[in-house]
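Residue numbers (our numbering): 628 to 1154. All C-beta atoms, glycine included, are put in the ideal place defined by N, C-alpha and C. As the structure is a computational prediction, the values presented were derived from the model and not from experiment.
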């Protein structure tokens, strides 16, 4: 049951094969059993069980609210949740309990979803590993999978099992780990430069970033207002489409949302691939790309070609400037957004009362980690009067050029772009922390950041397991507000590759986990 699709589980609930309370307790049991993964900051057990009880009453009356009624979900801890602590994994917001729900959270609850808890992240979503939050790093469930451990035994390196677990990617690593470990069926992440797609790639999940303006940001504690979007993490593309159908739409509380650009996100079972034009950006073939990712990227292109799709090489000439451009714009907006945390209104406040300035400085020193303080300093430097024209304005102009590159490619007849999501598979934590946060983010988000600057929809789809037994995903990028078409292509691809479900039987031997799809082949591509 826990490995099923949303529609399968919803059908089981309607037919009485399982009750919402039973399902909720199964997930709560798994959350407790996988506590060492550090996926959750707050587990809202009482709230979830009460919601399950209400859902059960609706099912008994035959008044189900839809496919999400009675379904366990999780929410990244940078979305406001009424009555539930929201910390952004920072000392600055420890103990902060919002008086309202983020719009996307409210929409899930209105459909009867069960909120299992708030998930871990990099502090204020600044990172690409989910290793820099005040509550500690998140461990990738694939570190404990049968697939990875069998490969590891064949190639032992003598390292300690306890210390050499794998990162989830970030910054929505807690949400990715929560879905991957079957503690919920879907989770909200946020995506500013790849923070949903990156962990999805490392955890073998579907990670979707919608078009900017399609889903409300109201209640998402901002990192970069002009790039932030709520993201969706699930195990299946169809599940993502169901959640998107609930979340999408105009919100009067968010002026950046558009007026109902899409009426439905129901995906067809079959699409005519021969009518598609798939673009392969030549600039994404970078030297740092691992040979296995490069090979699978090529196989995926060949798969579309063999089915009659037109596969062409395209150019996004300003891609090489995206990392620097993103850094300037991101840190500038961070500096502005973080100014609200001053110890006066809400959040942490130090005990120093010598002067207002001393209180400000001490509060921010105690409340923020080195990564956040570093980005604030960089952003304020770029926003200085003498630097504004040379840095911020120039970066905005480059951002326009990057966005125009995508417009030109899609105007040439390309329907969808196919790219890698990450440079390589998930790496061990001890290897990951050898680099500083800025270097890691620049490397890990190289294929994802430009999409946020252009406001386009993009999705990671897991393709195959590496020689190490770890997930490798590829990214599909679509035209603005053509999210349904993008997900339709992703669904077709998902069906072709038949990515295997994670095998965690030894880890969860007492949880009676029923996985209907565990016999799926690792990857079946037409030669």
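No Cβ-Cβ contact shorter than 8 Å links residue 1088 with residue 900. For residue 958, same chain residues with a beta-carbon under 7 Å away, outside a window of 5 residues either side, are 1002, 1005, 1006, 1009 in chain order. Taking 8 Å as the cut-off, the beta carbon of residue 1028 is found no closer than this to the beta carbon of residue 975. Here the C-alpha atom of residue 651 lies approximately 16 Å from the C-alpha atom of residue 735. CA-CA distance, residue 847 to residue 933, rounds to 42 Å.
For residue 938, the enclosing beta strand (DSSP E) has its first and last residue at 937 to 941. Counted as a single uninterrupted DSSP element, the stretch harbouring residue 719 is not any alpha helix (DSSP H), since DSSP gives it neither H nor E. Excluding sequence positions up to five before and after residue 881, its CB lies within less than 6 Å of the CB of 843, 844, 845, all in the same chain and listed in chain order.
Beta-bridge partners assigned by DSSP to residue 706: 847. Shown here, residue 817 sits in a strand according to DSSP, grouped into three states. Between the region 656 to 672 and the region 804 to 822, the count of Cβ pairs shorter than 8 Å is three or higher; the stretches touch. Secondary structure at residue 667: strand, using DSSP grouped into helix, strand and coil.
For residue 1006, the uninterrupted alpha helix (DSSP H) run begins and ends at 997 to 1010, by DSSP. By the C-beta density criterion, residue 862 is buried, having at least 16 other C-beta atoms within 10 angstroms. Residues 955, 1009 of the same chain have their beta carbon placed closer than 6 Å to that of residue 1018, with the five preceding and five following residues left out of the count. In the three-state reduction of the DSSP assignment, residue 1102 falls in the strand class, which pools E and B. Between residue 1084 and residue 895, the C-beta spacing is not below 8 Å.
Around the beta carbon of residue 1066, fewer than 16 other beta carbons lie within 10 angstroms, which makes this residue exposed. Only residues of its own chain outside the window of five on either side were considered, and among them 1093 have a CB closer than 6 Å to the CB of residue 919, listed in chain order. In its chain, beyond the 5 residues on either side, 1095, 1096 have a beta carbon closer than 6 Å to the beta carbon of residue 778.
One thing to note: residue 795 has its Cβ no nearer than 8 Å to the Cβ of residue 745. The beta carbon of residue 985 is closer than 7 Å to those of 979 in its chain, skipping five residues each way along the sequence. Beyond the five residues adjoining it in sequence on each side, residue 912 comes within less than 8 Å, by CB distance, of 921 in the same chain, given in chain order.
If only complete runs of 3 or more residues are kept, the region 734 to 806 shows the beta strand (DSSP E) at 741 to 746, in order along the chain. According to the DSSP secondary-structure assignment, residue 836 is paired through a beta bridge with 1085. For residue 811 and residue 676, the gap between their C-alpha atoms comes out near 14 Å.
In the DSSP assignment, residue 1116 falls within the unbroken alpha helix (DSSP H) covering 1110 to 1124. In the three-state reduction of the DSSP assignment, residue 906 falls in the strand class. Rounded to whole angstroms, the separation of the alpha carbons of residue 1118 and residue 867 is 10 Å. Here residue 1020 is exposed, its C-beta having fewer than 16 other C-beta atoms within 10 Å. Judged by DSSP secondary structure, residue 1043 falls outside any alpha helix (DSSP H) and instead within the beta strand (DSSP E) spanning 1043 to 1047. Straight-line spacing of the CA atoms in residue 902 and residue 1040 works out to 11 Å. 8 Å or more divides the Cβ of residue 1034 from the Cβ of residue 1113.
The DSSP-derived three-state label of residue 994 is helix. Within its own chain, the residues whose Cβ lies closer than 8 Å to the Cβ of residue 952, once the five positions on either side in sequence are excluded, are 1022, 1025, 1026, 1029, 1080, listed in chain order. Per DSSP, the unbroken alpha helix (DSSP H) holding residue 658 starts and ends at 647 to 660.
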